[in-house]
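For the sequence shown, counting from 1, position 133 maps to 427 in this note's numbering; every step adds exactly one.
We treat Cβ as the ideally placed atom computed from N, Cα and C, and that holds for glycine.
In what follows, a single structure is set out as structure tokens and then discussed.
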Amino acid sequence: TKDSWCYKNKDYGCSEFGRLYDWDDALTACPDGWRLPTKEEWERLIEQLGGEKKAGYALVYDRGLGINAQFGYPPNINGRFGVEESQTNFWTATSLNDDTAWTYYMIKNKLPLVLYGYMSKKYNLSCRCVTESIPN
């Protein structure tokens, strides 16, 4: 979407870490046939990967999953960026209220733990998309 960000607002930031979206833009960032997963879908995935105390390793290091939860940077708002490669944060499609939505995140020095919480919808986070059908 036109309102997404790259790390440090440089093209290499997008190619290396992917784009960042506020929550409204994350809801429309996925390509046709794909969508932002709900909080419940993230919960099921984490449970299938051994629970929140083990899932982080699979999400980061198991390339067969296709998640590619590469460590980027802490949440940012309006183009302000934190320490590179310290954590990764993902939006869910589940809104808590008008101002906040659920997120899942991992902090590098706390692996393999996967954490969840909620943040202002104005923050710029990564997103991962899911599809109902298996691509060919």
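With three or more CB-CB distances shorter than 8 Å, the stretch 315-324 counts as touching the stretch 409-418. The stretch 396-409 and the stretch 331-346 touch, with no fewer than 3 CB-CB distances between them shorter than 8 Å. Classified as exposed, Thr322 has fewer than 16 neighbouring CB atoms from the shown chains inside 10 Å of its CB. Across the structure, Gly312 and Asn391 are spaced so that their CA atoms are roughly 27 Å apart. Nearest Cα to Thr388 within the set Thr397, Cys421, Gln381: Thr397. Here the alpha carbon of Met400 sits roughly 12 Å from the alpha carbon of Leu419. Cys421 sits close to Phe384, with the two beta carbons spaced by under 9 Å. Residue burial is scored here from C-beta neighbours: Gly350 has at least 16 other C-beta atoms within 10 angstroms and is therefore classed as buried.
Closest in alpha carbon position to Lys333, among Ala395, Thr425, Lys402, Glu426, is Ala395.
Closest option to Thr425, judged by alpha-carbon separation, among Ala320, Ser298, Gly327: Gly327. The three-state reading of DSSP puts Leu339 in helix, counting H, G and I together. Sorting Arg329, Val354, Thr386 by C-alpha distance to the C-alpha of Lys402 places Val354 at the top. For Glu337 and Leu359, the gap between their C-alpha atoms comes out near 15 Å.
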